[in-house]
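A.B. asks: Protein sequence lines, in the order shown, are assigned to chains A and B. Just so we're aligned, residue 6 is where the first sequence starts under our numbering, counting upward by one. Just so we're aligned, residue 555 is where the second sequence starts under our numbering, counting upward by one. Note that the Cβ used here is the ideal one computed from N, Cα and C, for glycine as well.
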Amino acid sequence: AQSVTQLGSHVSVSEGALVLLRCNYSSSVPPYLFWYVQYPNQGLQLLLKYTSAATLVKGINGFEAEFKKSETSFHLTKPSAHMSDAAEYFCAVSDGGTSYGKLTFGQGTILTVHP
Amino acid sequence: NAGVTQTPKFQVLKTGQSMTLQCAQDMNHNSMYWYRQDPGMGLRLIYYSASEGTTDKGEVPNGYNVSRLNKREFSLRLESAAPSQTSVYFCASSEGTLHTDTQYFGPGTRLTVL
């Protein structure tokens, strides 16, 4: 069975600073990995996904993530934080086994951006 | 396109009451899902429907039932609500069941059981 661990339930950065949200996964088969964002009182929206085509994945709003098999990681980064990035971010994994289409989510990381 | 819609947005129940959460999608997706979100626990899958006419249990199905009414609609029923079912419920849909398919989420239903 797959699992996801997001390191840090809260991350705080200043506007213009680097954003780094950490995600490590556990999967017995090659994983498919996703980052979703949830703005206050809204549903989840896909930021980006890794589907084995390229290890560096670019998403919306300037975010990107790099799949590192040796580290079982899929950390999310953005070079310069904006106030509008304040939200909760979820890493999720869909393993390549029999549980097709079913996502396992991490516990989420709340990003706060200070002016 | 409205995407995925959910009703109601908010609901307060007393212990033992029943209710049905409605979900509909207009993207002609085959697969639909119900999740619950609790603080510090991410989202957990309750039930899913890979295609019209099929439903399967997810990680936390106890206390819930679902109906895939047609391709567009997927409802979640609480027969006898308990305080432990206080949560935010999200419906999602995807084109199919490929591992790479993106799931699209509705705005959620915030349920409180007293």
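In the DSSP assignment, find the unbroken beta strand (DSSP E) run with F564 (chain B) in it and report its ends.
C.D. replies: Start and end: F564 to L567.
A.B. asks: Quick one: using the 10 Å Cβ neighbour count with 16 as the cut-off for buried, is S17 (chain A) buried or exposed?
C.D. replies: So S17 (chain A) ends up on the exposed side.
A.B. asks: Does DSSP put Q50 (chain A) in a helix, in a strand, or in coil?
C.D. replies: Of the three classes helix, strand and coil, the one that applies to Q50 (chain A) here is strand, per DSSP.
A.B. asks: Quick one, are the C-beta atoms of Q585 (chain B) and A556 (chain B) less than 7 Å apart?
C.D. replies: With the sequence shown as reference, residue 585 (chain B) is identified as Ser, and Gln is not the correct amino acid for it. For S585 (chain B) and A556 (chain B), no; Cβs fall outside 7 Å.
A.B. asks: Return yes when the Cβ of V98 (chain A) is within less than 7 Å of the Cβ of Y30 (chain A), no when it is not.
C.D. replies: Yes; because the gap between Cβ atoms is below 7 Å, this pair is in contact.
A.B. asks: Would you mind working out which of B:Q579, B:R598, B:D655 and B:S634 sits nearest T569 (chain B), comparing C-alpha positions?
C.D. replies: That would be B:S634, whose Cα lies nearest to the Cα of T569 (chain B).
A.B. asks: Does H653 (chain B) have its Cβ less than 7 Å from a Cβ in chain A?
C.D. replies: Taking Cβ atoms only, chain A reaches closer than 7 Å to H653 (chain B), which makes this a yes.
A.B. asks: Q7 (chain A) and T114 (chain A): beta carbons closer than 7 Å?
C.D. replies: Result no, Cβ atoms of Q7 (chain A) and T114 (chain A) do not sit closer than 7 Å.
A.B. asks: Could you give the distance in angstroms between the alpha-carbon of A86 (chain A) and the alpha-carbon of L23 (chain A)?
C.D. replies: Each residue's Cα considered, the two are about 6 Å apart.
A.B. asks: Residues of chain A with CB under 9 Å from T521 (chain B), in chain order?
C.D. replies: Missing from the structure shown is residue 521 (chain B); chain B here goes from 555 to 668 and no further.
A.B. asks: What is the residue span of the beta strand (DSSP E) that V614 (chain B) lies within?
C.D. replies: Premise fails: V614 (chain B) is in no beta strand (DSSP E) and is neither H nor E.
A.B. asks: Run through chain B and tell me which residues come within less than 7 Å of Q112 (chain A), C-beta to C-beta.
C.D. replies: Residues of chain B passing the Cβ test: G594, M595 and G596.
A.B. asks: Can you give me, in chain order, the residues of the stretch 80 to 97 of chain A that have a beta carbon less than 7 Å from any beta carbon in chain B?
C.D. replies: Residues F95.
A.B. asks: Note down, in chain order, every chain A residue with its Cβ under 7 Å from the Cβ of Y602 (chain B).
C.D. replies: Per Cβ cutoff of 7 Å: K107.
A.B. asks: Assuming contact is defined by CB atoms lying nearer than 7 Å, are L575 (chain B) and Y618 (chain B) in contact in what I supplied?
C.D. replies: The answer is no: Cβ separation not under 7 Å.
A.B. asks: Please state whether DSSP places P593 (chain B) in a helix, a strand or coil.
C.D. replies: If DSSP states are grouped into helix, strand and coil, P593 (chain B) belongs with coil.
A.B. asks: Can you name the start and end residues of the beta strand (DSSP E) that I115 (chain A) belongs to?
C.D. replies: That run of the beta strand (DSSP E) goes T114 to H119.
A.B. asks: Note down, in chain order, every chain B residue with its Cβ under 7 Å from the Cβ of Q47 (chain A).
C.D. replies: Going along chain B in sequence order, the residues near Q47 (chain A) (Cβ under 7 Å) are P661.
A.B. asks: What separation, rounded to the nearest whole angstrom, lies between the Cα atoms of Q43 (chain A) and G607 (chain B)?
C.D. replies: Going from the Cα of Q43 (chain A) to the Cα of G607 (chain B) covers about 30 Å.
A.B. asks: Assign G596 (chain B) to buried or exposed, taking buried as 16 or more other Cβ atoms, counted over all protein chains shown, within 10 Å of its Cβ.
C.D. replies: Under this definition G596 (chain B) is a buried residue.
A.B. asks: Please report how far the alpha carbon of G650 (chain B) lies from the alpha carbon of L51 (chain A), in whole angstroms.
C.D. replies: Approximately 16 Å between the Cα atoms of the pair.
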